[in-house]
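See structure below.
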Amino acid sequence: ELDVTQSAVSRQIQLLEDFLGVAVFQRQSRGLSLTREGERLHRAVGMGLEHIANVSSDLRRQPGPGELTVATSVAFASYWLMARIAKFRGSHPEIDIRLVASSPVFDLASEGIDIAVRYGAGEWPAADAVRLFDNEIWPVCSPRYMEKSSPITSEADLLRHSLLHLNKFDRNWVTWDSFLESLGVEGEQSGRGFTFDNYMVLIQSALRGEGIALCGRRLAEDFIEQGDLVRPIDAVQQSDRGFWLLRPKEGQLSPQARQFYEWLLDEARQPA
4 ELDVTQSAVS RQIQLLEDFL GVAVFQRQSR GLSLTREGER LHRAVGMGLE HIANVSSDLR
64 RQPGPGELTV ATSVAFASYW LMARIAKFRG SHPEIDIRLV ASSPVFDLAS EGIDIAVRYG
124 AGEWPAADAV RLFDNEIWPV CSPRYMEKSS PITSEADLLR HSLLHLNKFD RNWVTWDSFL
184 ESLGVEGEQS GRGFTFDNYM VLIQSALRGE GIALCGRRLA EDFIEQGDLV RPIDAVQQSD
244 RGFWLLRPKE GQLSPQARQF YEWLLDEARQ PA
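In the working numbering, the protein residues as written are 4 to 275.
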């Protein structure tokens, strides 16, 4: 189909495995099958190709006159924005909102994004950024976990519990090591529990009663109000990061983007 010989394909596979330092295929009498490492690579490449296809589709389509494109993380959209956006829709039914789940910010205007919400220190040179709200980091867990676990009466007691970790590949995220250090807890961090590379999966694990997670106050408040999560101890780390509202640096906001921008700022000021 690609007009490439089998020997050329085999050569490319060999070069890939040499580059990665692991085998991605298992050679069998009936052909090839993916190794565990190959499965991981296949999923990652598939996600990348899907993202390219989605972006290409977005570039081909033209937004309607009443359409508004808002980019934010899946976690922020799921745990804060979606619980409130119905109020905006009720006041502005003529505006069609298109939510785009994405993390990096390059050039909002060229990507067709009217407004973005991002977590960080406000360092986005290609956008005008206004701080939406600050963030505090809380330990949270489900009531079910507390019922089956030993009581927590001090910060040091956290070391005896199952702690849910997020892989440290984003400097904006707080690790258990840095959190406990900020509280003056000495000693080796136990590391017991699970480690995740996705924030939403981490929170789902906490909701299922599998351990204690670190969560930003703004993303935890609705869960706590509903009784799905509790704070096992009144420990807080004040983060120098926060949630920021971004708009393209050049040009004016459309009328619908301006309405949503001002509504979001007002909504963020509302008491929890």
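All C-beta atoms, glycine included, are put in the ideal place defined by N, C-alpha and C.
So, using beta-carbon positions, are residue i and residue j closer together than 9 Å?
{"i": "P251", "j": "D110", "result": "yes"}
{"i": "I215", "j": "A223", "result": "no"}
{"i": "S113", "j": "A74", "result": "no"}
{"i": "R169", "j": "L217", "result": "One point to set straight first is that residue 169 is Leu, not Arg, in the sequence displayed. In this structure, L217 lies closer than 9 Å to L169 by Cβ."}
{"i": "F226", "j": "Y82", "result": "yes"}
{"i": "D137", "j": "L249", "result": "no"}
{"i": "I140", "j": "R220", "result": "yes"}
{"i": "E213", "j": "S165", "result": "yes"}
{"i": "A78", "j": "I206", "result": "yes"}
{"i": "R87", "j": "E270", "result": "yes"}
{"i": "P142", "j": "R234", "result": "yes"}
{"i": "G125", "j": "W247", "result": "yes"}
{"i": "V120", "j": "L84", "result": "yes"}
Hey, is residue i close to the ligand PLP, as in C-beta under 8 Å from one of its heavy atoms?
{"i": "R220", "result": "As presented, the structure is devoid of all ligands, the ligand PLP included, so that no description of it is given."}
For residue i and residue j, which I take to be in contact (beta-carbon distance under 8 Å), what is that distance rounded to the nearest angstrom?
{"i": "I98", "j": "L135", "result": "Not really, about 20 Å apart at Cβ, beyond 8 Å."}
{"i": "A26", "j": "T38", "result": "5 Å"}
{"i": "A230", "j": "P146", "result": "The residue you asked about is not Ala; residue 230 is Gly in the sequence shown. Correct: roughly 7 Å between the Cβ atoms."}
How would you write the range of the alpha helix (DSSP H) that residue i sits in, first residue to last?
{"i": "W141", "result": "Run containing W141: none in the alpha helix (DSSP H); it sits in the beta strand (DSSP E), 130-143."}
{"i": "A209", "result": "202-210"}
{"i": "Q262", "result": "258-272"}
{"i": "D180", "result": "179-185"}
Along the beta strand (DSSP E) that carries residue i, what are the first and last residues, could you check?
{"i": "I118", "result": "118-123"}
{"i": "F28", "result": "28-31"}
{"i": "D225", "result": "Counting along the chain, D225 falls outside any beta strand (DSSP E), though it belongs to the alpha helix (DSSP H) covering 220-228."}
{"i": "P296", "result": "Not covered by the structure: residue 296. The range shown for the chain is 4 to 275."}
{"i": "P251", "result": "240-251"}
{"i": "L167", "result": "No beta strand (DSSP E) contains L167, which DSSP labels as neither H nor E."}
{"i": "E70", "result": "70-75"}
{"i": "I88", "result": "Unbroken run through I88 is the alpha helix (DSSP H), 88-94; no beta strand (DSSP E)."}
{"i": "D99", "result": "99-104"}
Where residue i and residue j are concerned, what is the direct C-alpha to C-alpha distance, given to the nearest angstrom?
{"i": "E20", "j": "S10", "result": "15 Å"}
{"i": "R63", "j": "G115", "result": "Because R63 sits at a pLDDT of 48, beneath the cut-off of 50, its placement in the model cannot be relied upon, and the following sentence gives the value as read from the coordinates. Computed Cα separation, rounded: 11 Å."}
{"i": "A238", "j": "V177", "result": "14 Å"}
{"i": "V204", "j": "R244", "result": "22 Å"}
{"i": "L167", "j": "D160", "result": "15 Å"}
{"i": "A129", "j": "N201", "result": "26 Å"}
{"i": "G49", "j": "S76", "result": "20 Å"}
{"i": "Q17", "j": "E42", "result": "17 Å"}
{"i": "S153", "j": "C144", "result": "13 Å"}
{"i": "D180", "j": "G24", "result": "31 Å"}
{"i": "I236", "j": "Y148", "result": "13 Å"}
{"i": "Y122", "j": "L35", "result": "43 Å"}
{"i": "D117", "j": "V103", "result": "11 Å"}
{"i": "E253", "j": "R261", "result": "14 Å"}
{"i": "R174", "j": "S242", "result": "12 Å"}
{"i": "Q282", "j": "E150", "result": "Residue coverage of the chain in this structure runs from 4 to 275, which leaves residue 282 outside it and unanswerable."}
Would a check of beta-carbon distances place residue i closer than 9 Å to chain B?
{"i": "E42", "result": "You won't find chain B in this structure, because it holds only one protein chain."}
Review point. On the three-pair Cβ rule with 8 Å, is the region 262-275 touching the region 172-191?
Key: no
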